[in-house]
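> If you read the sequence shown in the working numbering, its first letter stands for residue 412, the second for the next number, and so on.
Every residue gets a Cβ at the ideal spot worked out from N, C-alpha and C, and that includes glycine.
Here the structure is a predicted model, which is why all the values come from computation and not from measurement.
Following this message is one structure expressed as C-alpha cells.
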Amino acid sequence: MNFDNAFLDAIGALVWNPATGVLMALLAVAAWIDWRTYRIPNWLTLGGMVWGLASSAAMGYSLVDGLLFGLAGLTLGLALFLPLWLLRVMGAGDVKLMAMVGAYVGAWGVFKAALIVGVVGGIAVIAFALVHRASGRLATNMKDIAASMVIPGMPLWRPELAGSSIGKLPYGVSIAVGSVAYLVLRQVGLA
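In C-alpha cells:
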C-alpha cells in the first residue's frame with residue numbers, strides 16, 4: 412500500500428467514524444457560517460459540545476472515563492482561547508468552537524489541534540494583511556502586544572490602546588481547517 416492509498420483510507424475512516432464524522436461536519440458548517448456572517452451560532456457550538464461529550468462518554472473505557480476525557484478537552488479548549496477573547500482578538504464563538512473540538516478529542520488532542528490552528532490562523536492573518544495592504548498595521552500591533560508582555564513597567568496591552576485593526580477575519584475557518592488537519596494527521600499516525 413502506498414502513501415496515497417493510506418492517506419485516502421485514513422480520511423475515509425475519519426468520515427465514517429460517527430464521532431469524527433459529526434465533528435468534521437460541524438466544523439464545516441461553522442466555517443461556512445463564520446465566512447458568511449462573522450458569527451458562529453450557539454446552537455452549533457453548544458449542540459456540538461453535548462454531542463462530543465456523549466460520544467466521548469460512549470467511546471471511553473467507561474462512561475465516567477469517557478466523560479472526563481471529553482470534559483478535560485472541552486475545558487482546555489476553552490482555556491486556550493479564552494485569553495484571546497478577553498483581549499478582544501477573537502470572538503466568543505471561536506472560543507466555544509475550540510472547546511467543542513476539545514469535547515471530541517480530549518485535552519492532549521485539543522492542545523495539538525490548537526497548535527495547528529494557530530499555524531493555520533497565523534498564515535491566514537498574514538495573507539489577509541497582505542491582501543488588504545495592512546502588513547504595517549499588523550506588525551505595529553504585534554510589536555505593541557509583545558512589548559507589553561516583556562518590557563518591565565510597561566502597561567499590559569489593552570484593545571483600546573491598539574492601533575487600527577487590520578480588519579475582521581472569520582477565524583472559525585482557521586479553526587475548522589486546523590482541527591481537520593489534526594484529525595487527519597492523528598489518523599495517519601503523525602500527530
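Checking 9 angstroms against the spacing of the C-beta atoms, do Val619 and Gly477 come in under that value?
Outside the modelled stretch of the chain, which goes from 412 to 602, sits residue 619, for which no answer is possible.
> Quick one: using the 10 Å Cβ neighbour count with 16 as the cut-off for buried, is Ala441 buried or exposed?
buried
> Would you please state the rounded distance, in angstroms, between the beta carbons of Leu580 and Ala524? I believe it to be under 8 angstroms.
At roughly 19 angstroms, the Cβ-Cβ gap does not stay under 8 angstroms, so Leu580 and Ala524 are not in contact.
> Pull up the CB-CB distance for Ala592 and Ile527, whole angstroms please, since I reckon it's below 8 angstroms.
5 angstroms
> If we call anything under 9 angstroms between Cβ atoms a contact, is Tyr582 one with Gly502?
Between Tyr582 and Gly502, the CB-CB gap stays under 9 angstroms.
> Spatial neighbours of Ser546 within its chain, please: CB distance less than 6 angstroms, with the 5 preceding and 5 following residues excluded, ordered by chain position.
For Ser546, where only same-chain residues beyond five positions count, the Cβ hits under 6 angstroms are Ala540.
> Applying the 10 Å Cβ sphere with the 16-neighbour rule, what's the burial state of Val531?
buried
> Using 10 angstroms around the beta-carbon of Lys507, count the other beta-carbons present and answer buried if the total reaches 16, otherwise exposed.
buried
> Note down, in chain order, each residue of its chain lying with its Cβ closer than 6 angstroms to the Cβ of Gly589, except the 5 sequence neighbours on either side.
Ile527, Val528 and Val531
> Which same chain residues end up closer than 8 angstroms to Gly517 when comparing Cβ atoms and leaving out the 5 residues on each side of it in sequence?
Ser467, Phe480, Gly481, Ala483 and Gly484
> Helix, strand or coil for Ser590, going by three-state DSSP, please let me know.
helix
> Should Ala514 go down as buried or exposed, given a rule of 16 or more other Cβ atoms within 10 Å for buried?
buried
> Kindly indicate which three-state DSSP category Ile451 falls into: helix, strand or coil?
coil
> With DSSP as the reference, label Lys554 as helix, strand or coil.
helix
> Taking the alpha-carbon of Asp505 as reference, which of Gly471, Leu498 and Asp445 has the nearest alpha-carbon?
Asp445
> Going by beta carbon distance, what residues of the same chain come within less than 7 angstroms of Trp443, once the five residues before and after it are set aside?
none
> Taking C-alpha atoms, which residue in Met470, Val433 and Asn428 lies nearest to Val512?
Val433
> Hey, would you say Ala587 sits closer than 9 angstroms to Ala469, going by beta carbons?
no
> Here's a check: name, in chain order, each residue in its chain whose Cβ is nearer than 8 angstroms to the Cβ of Ile451, leaving out the five neighbours to either side.
Ala441, Ile444, Asp445, Gly502, Gly504, Asp505, Lys507, Leu508 and Gly583
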